[in-house]
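In what follows, a structure is listed as structure tokens, so that the remarks can point back to it.
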Amino acid sequence: MDNAEEKVAMRDSKRRERQSALEDSDNDIGLCGWLLVALSILLMLLTLPISVWMCIKIVKEYERAIIFRLGRILRGGAKGPGLFFILPCTDSFINVDMRTITFDIPPQEVLTKDSVTVSVDGVVYYRVQNATLAVANITNADAATRLLAQTTLRNVLGTKSLAQILSDREEIAHSMQSTLDDATDDWGIKVERVEIKDVKLPVQLQRAMAAEAEATREARAKVIAAEGEMNASRALKEASLVIAESPSGLQLRYLQTLSTIAAEKNSTIIFPLPMEMMQAFMKR
Numbered sequence: 001m002d003n004a005e006e007k008v009a010m011r012d013s014k015r016r017e018r019q020s021a022l023e024d025s026d027n028d029i030g031l032c033g034w035l036l037v038a039l040s041i042l043l044m045l046l047t048l049p050i051s052v053w054m055c056i057k058i059v060k061e062y063e064r065a066i067i068f069r070l071g072r073i074l075r076g077g078a079k080g081p082g083l084f085f086i087l088p089c090t091d092s093f094i095n096v097d098m099r100t101i102t103f104d105i106p107p108q109e110v111l112t113k114d115s116v117t118v119s120v121d122g123v124v125y126y127r128v129q130n131a132t133l134a135v136a137n138i139t140n141a142d143a144a145t146r147l148l149a150q151t152t153l154r155n156v157l158g159t160k161s162l163a164q165i166l167s168d169r170e171e172i173a174h175s176m177q178s179t180l181d182d183a184t185d186d187w188g189i190k191v192e193r194v195e196i197k198d199v200k201l202p203v204q205l206q207r208a209m210a211a212e213a214e215a216t217r218e219a220r221a222k223v224i225a226a227e228g229e230m231n232a233s234r235a236l237k238e239a240s241l242v243i244a245e246s247p248s249g250l251q252l253r254y255l256q257t258l259s260t261i262a263a264e265k266n267s268t269i270i271f272p273l274p275m276e277m278m279q280a281f282m283k284r
């Protein structure tokens, strides 16, 4: 935990250093720049109150505005939400959406560690954490994050076997989220969550796995049936020993069998003749 906290602290300090380096002060615009700014202010005063509508801008609660004065980012970083002022002719601004953005990773054909080709897709949730870095350090943060997510998915799954991909989805998603978050830190992007949606196997591999599963179930069924037969034979052996100890028990068993046959409403009943009745005739 301490190492993770130190890593996060170092990342935040580096981010602040990069942002402060980008936010140049107004003194860096030079004498010519100050002259242009003064002319812009004079133009705004001469065209009042019409110029006020051009200088007042509004950004929404989920947006931030990055103001450029003569091509340089103003000190203070992003502006908003609410009202802010810009000077005509010298200032321009870019709106940055700070809400969480979701996009699907297109299905990627990946060769796993055990040489199996699978098609995997996923979902990525990210948001702009630092609007200044997202504007100044990358041309298109959204497109770059999408492409990086695709390559990261292929790189991470390429080191896993098929069994690991099917069973360790949460671990793979966490590994992808950590890798993407580290890579997009310089762009002011925070990757919040990565999820693996679906893993599609080739049709031939699906049939082979289904045949393997069916064979495993059949083998398990045969083992269970054999164990049942063994238990039944042991029970019959114990029952025969009990009946051998009491000759009348065999007769009771005959009567119970007759009762069972009669319950089925059969027209013909076969009555087994007890052997004890024949012993008297055999002696004669």
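Here our numbering is used: the first residue of the sequence shown is 1, the next is one more, and so on.
Using N, Cα and C, we set each Cβ at its ideal position, and we do this for glycine too.
Local conformation of residue i per DSSP, three classes
i              : result
isoleucine 189 : strand
asparagine 95  : strand
arginine 75    : coil
leucine 116    : Note on residue identity: the sequence assigns valine, not leucine, to residue 116. In the structure shown, valine 116 sits in coil (DSSP, three-state: anything other than H, G, I, E or B).
glutamine 108  : strand
lysine 237     : helix
isoleucine 243 : helix
glycine 33     : helix
aspartate 182  : helix
glycine 122    : strand
glycine 82     : strand
threonine 90   : coil
aspartate 26   : Caution applies to aspartate 26, whose pLDDT of 46 falls short of 50 and renders its modelled position unreliable; the model cannot decide the point.
isoleucine 58  : strand
lysine 200     : strand
threonine 47   : coil
threonine 100  : coil
isoleucine 138 : coil
Alpha-carbon to alpha-carbon, residue j and residue i
i              : j                : result
aspartate 182  : glycine 30       : 37 Å
leucine 74     : phenylalanine 68 : 6 Å
leucine 35     : leucine 46       : 16 Å
aspartate 24   : glycine 77       : Below a pLDDT of 50, predicted positions are generally treated as unreliable, and aspartate 24, at 48, falls in that range; the measurement from the model is reported next regardless. Those two C-alpha atoms are separated by around 10 Å.
threonine 145  : glutamate 63     : 19 Å
isoleucine 138 : asparagine 130   : 12 Å
isoleucine 105 : glutamate 195    : 10 Å
glutamine 177  : valine 37        : 45 Å
arginine 298   : threonine 216    : The shown model of the chain, from 1 to 284, leaves out residue 298, and the question about it has no answer.
lysine 222     : leucine 205      : 26 Å
threonine 184  : glutamate 218    : 51 Å
glutamine 256  : alanine 225      : 28 Å
tryptophan 53  : asparagine 140   : 30 Å
asparagine 231 : serine 246       : 23 Å
serine 161     : alanine 208      : 17 Å
valine 110     : arginine 99      : 31 Å
asparagine 155 : isoleucine 172   : 11 Å
valine 191     : serine 175       : 12 Å
glutamate 212  : lysine 237       : 38 Å
alanine 239    : alanine 163      : 49 Å
leucine 42     : threonine 151    : 52 Å
serine 167     : leucine 241      : 52 Å
glycine 249    : glutamate 214    : 46 Å
arginine 169   : arginine 220     : 29 Å
leucine 48     : leucine 147      : 48 Å
Distance CB(residue i)-CB(residue j) smaller than 8 Å
i                : j              : result
leucine 70       : threonine 90   : yes
isoleucine 58    : leucine 39     : no
proline 107      : serine 119     : yes
serine 51        : proline 88     : yes
glycine 122      : lysine 197     : yes
isoleucine 165   : leucine 153    : no
valine 128       : glycine 188    : yes
lysine 113       : threonine 159  : yes
alanine 134      : valine 96      : yes
phenylalanine 85 : alanine 65     : no
arginine 253     : isoleucine 243 : yes
methionine 44    : cysteine 32    : no
Option in the options with minimal Cα separation from residue i
i             : options                        : result
glutamate 61  : Pro49, Met54, Val52, Lys79     : Lys79
threonine 117 : Pro202, Ala208, Ser246, Glu214 : Pro202
aspartate 142 : Tyr126, Thr132, Thr151, Glu229 : Tyr126
aspartate 186 : Thr151, Glu170, Ala136         : Ala136
threonine 132 : Ser167, Arg72, Leu147, Glu170  : Arg72
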